[in-house]
Structures are given as C-alpha cells and as structure tokens.
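Report on the following structure.
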Amino acid sequence: MSEAMSERANEANDNANDSANGAAARRVVLITGAGSGIGAALARRIAAPGTALMLHARGADDASRQRLAQVADACAASGAHCATVFGDLAERGAAEHVVHRTLASFGALDQLIANAGHAQRQTLSALDADTFGAAFAAMPAAFAALVKRAMPALETSQRGRVVAVSSFVAHRYRADAPFAATAAAKAALESLAKTAAAELAPLGVTVNCVAPGYTRKDRGPSADNAAVWARAAEATPLGHVAEPADIAALIAFLLSDEARHITGQVIHIDGGLTLG
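Dropping the structure here:
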C-alpha cells in the first residue's frame with residue numbers, strides 16, 4: 043500500500059463516530075465507491091437511526107473527498123452514524139485496510155457492498171497487460187480481499203449480507219461497444235461472488251450480485267452528455283436509463299431481512315437490455 047494511499051485511508055472521519063456508536067447500531071454497513079452514483083444513492087437510502095455506515099471513496103483529489111463528506115453529512119442528518127475512509131482498492135493492502143477501519147470504528151461489520159469500480163471501452167485487439175491487470179485489481183481482486191478480511195465479522199452477524207455491483211457488460215457483447223477488460227473483470231467478480239455464496243451459506247450469510255444496465259452518472263465526462271444518454275435510452279427496451287436510486291433500491295432489498303433466502307444470484311436491473 044502506497045504512502046499516499048495509507049495517508050488518505052488513515053483520515054477516516056473521526057468526528058463522526060467511535061466504537062461505542064458502532065456497538066449501539068443494529069447493523070454496520072460498509073459501502074465502497076460511496077462518493078457518487080449508486081454508492082451514494084444507497085448510502086442515502088439506508089441511512090437511518092440504528093445504522094452505522096462506513097463510506098469509502100478513492101479520494102484521489104479534494105473534490106472526491108468533498109463529495110464523500112457531503113454524502114456522509116446527508117446520511118448523518120437522517121440519523122445514521124457515519125465515518126469515511128479513503129483508498130485506492132487496486133493497491134495491495136487497501137481493501138484489508140478499509141475493512142480494518144470499519145471494525146476499528148464500529149466494532150462490527152454486518153453488511154458489505156462492493157460497489158467501487160469503473161467501465162472502460164476497449165477492444166480486445168487494443169488490450170494491454172497493464173489495463174487488464176488494473177481492471178482485475180480494482181474489481182475481482184479487491185472484492186476477494188474485502189470479503190476475506192470481512193469473513194470473521196460476517197460470520198458472527200445475524201444480518202450478514204454481501205452485495206457486489208457487476209454490470210451488463212459482462213453479459214452483453216457488441217463490436218460497436220467493446221469493454222474487453224471491464225467485461226472480463228466483472229465476469230470474474232460474479233464468479234467470485236458465487237464462490238463466496240457457497241462458502242458463507244452454512245453461516246447464514248448471503249452473497250449476491252446486481253448487474254445494472256445503463257445508469258445515469260452524476261459526475262464524469264458523460265454525465266452531462268445528452269446525446270450519450272439518448273442513445274443509451276434507445277438501446278434499452280424500456281426506453282429509459284436507470285437512475286442510481288433504482289439500483290440502490292434493489293441493493294437495499296438484498297440487504298433486508300426479506301431477502302434472507304436469496305443467495306448466489308446475479309440479478310439484472312437493466313430495463314431489458316440483456317433480453318436478447
């Protein structure tokens with residue numbers, strides 16, 4: 043783990059909580075990639091009294107750190123105990139450190155949402171080893187490290203849940219929209235989630251994936267590109283793209299007691315994008 047990443051990761055929001063707050067919570071939830079999009083929408087949706095949230099972001103710049111702080115403030119206003127942690131999950135040791143910070147802040151970990159990741163358009167012919175390795179480090183490798191480090195805490199939880207955010211690109215392949223490295227990494231993520239589901243099922247812990255289709259972004263180069271979203275809507279049978287809140291609603295259900303008998307599944311929420 044690099045010195046810069048370690049310095050950022052150690053800057054968890056100590057003003058928000060301590061172990062006593064975590065002990066008082068009915069559930070402790072770790073959300074990676076919580077500074078924007080689906081992760082931020084989920085955090086806001088499940089924030090409530092009795093819930094402790096560890097919110098993670100890469101924290102590569104001040105703007106990223108400020109976005110995560112704003113999400114934490116909104117969740118705290120809804121009654122949740124909140125702390126934040128920064129780190130690049132593609133770096134060795136970062137995933138373990140994020141789980142460690144969660145346990146140190148709240149004394150428990152009941153539910154893990156592996157949401158951090160990225161999509162990169164790239165053809166197989168243009169794929170290089172560095173790009174391929176970076177995609178796998180940031181998604182399936184980070185997921186495996188998060189779950190492995192969290193297992194002892196999840197095993198003792200009465201509401202143990204793991205949800206990984208995959209993507210339609212692992213299921214829909216088109217020459218005019220190639221995602222060679224991302225598709226492979228997301229497919230590996232889904233495979234690891236099923237392995238985790240099998241290993242954790244005897245302990246009552248569920249592990250599932252959600253695979254969103256085109257989902258509106260609140261930041262990034264395409265966020266305000268109306269033409270891009272118009273084309274995405276046209277490609278979706280329902281005729282519109284998802285909002286981050288749509289994906290958050292499904293994840294929140296999978297974290298709930300009502301979903302206690304669902305595990306090892308990849309659930310598509312894509313407006314019919316992968317029908318054919």
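Our numbering runs 42 ahead of the 1-based position in the sequence shown. Backbone N, C-alpha and C define an ideal beta-carbon position, used for all residues, glycine too.
Delimiting residues of the alpha helix (DSSP H) encompassing residue i
i    : result
Q112 : D104 to A119
P286 : P286 to L297
L231 : A222 to L242
F210 : Counting along the chain, F210 falls outside any alpha helix (DSSP H), and DSSP gives it neither H nor E.
A27  : No statement about residue 27 is possible, as the shown extent of the chain runs from 43 to 318 and does not include it.
Collapsed DSSP secondary structure at residue i in the structure displayed
i    : result
V141 : helix
P279 : coil
P91  : coil
L188 : helix
L72  : strand
V247 : coil
L97  : strand
I304 : coil
A150 : coil
A183 : helix
A168 : coil
A161 : coil
A195 : helix
A219 : coil
A274 : helix
A253 : strand
Other residues of its chain near residue i: CB distance less than 6 Å, five sequence neighbours each side excluded
i    : result
A94  : G64, A67, V70, H123 and F148
L245 : E197
L315 : F210, G255 and T278
A225 : V211 and A212
D104 : none
L231 : M181, P182, F185, A206 and S208
L296 : V205 and N250
Whether residue i touches residue j by CB criterion (8 Å)
i    : j    : result
L292 : V247 : no
G121 : P91  : yes
A156 : F185 : yes
V189 : L154 : yes
A111 : L169 : no
V204 : V249 : yes
H160 : A179 : no
L97  : T126 : yes
A171 : L131 : no
A177 : A227 : yes
A187 : E138 : yes
A217 : G306 : no
Neighbourhood of residue i by C-beta distance below 7 Å, restricted to the same chain and skipping five residues each side
i    : result
S106 : G77, A99 and R100
L151 : V70, L72, V141, T144, L145, A192, A195 and L196
Cβ neighbours of residue i in the same chain (closer than 8 Å, five flanking residues each side left out)
i    : result
V283 : G255, Y256, T257, R258, W271, A274, A275 and G313
L317 : P279
G281 : A275 and G313
I80  : N157, V207, P254, T257, P286, I289, A290 and I293
I311 : V252, A253, P254, G255, A284, D288, I289 and L292
D60  : The predicted position of D60 is uncertain, since its pLDDT is 42 and thus under 50; a value taken from the coordinates is nonetheless stated next. S147.
Q162 : T173, A177, F221, A223 and T224
Y215 : A225
CB contact below 8 Å: residue i versus chain C
i    : result
C251 : Given the protein chain composition of this structure (a single chain), no chain C is represented.
Unbroken beta strand (DSSP E) run spanning residue i, endpoints
i    : result
A206 : R203 to V207
H123 : H123 to F128
L131 : Neither: L131 is in no beta strand (DSSP E) and is coded neither H nor E.
L154 : Q153 to A156
*If you pair each beta-carbon of the region 79 to 91 with each one of the region 114 to 125, do three or more pairs fall below 8 Å?*
Between the region 79 to 91 and the region 114 to 125 there are three or more C-beta pairs closer than 8 Å, enough to call the two in contact.
*Answer yes if the region 222 to 239 comes into contact with the region 294 to 302, meaning at least three C-beta pairs across the two stretches below 8 Å, and no otherwise.*
no
*Examine the Cβ distances between the region 254 to 261 and the region 278 to 288 and report whether three or more of them are shorter than 8 Å.*
yes
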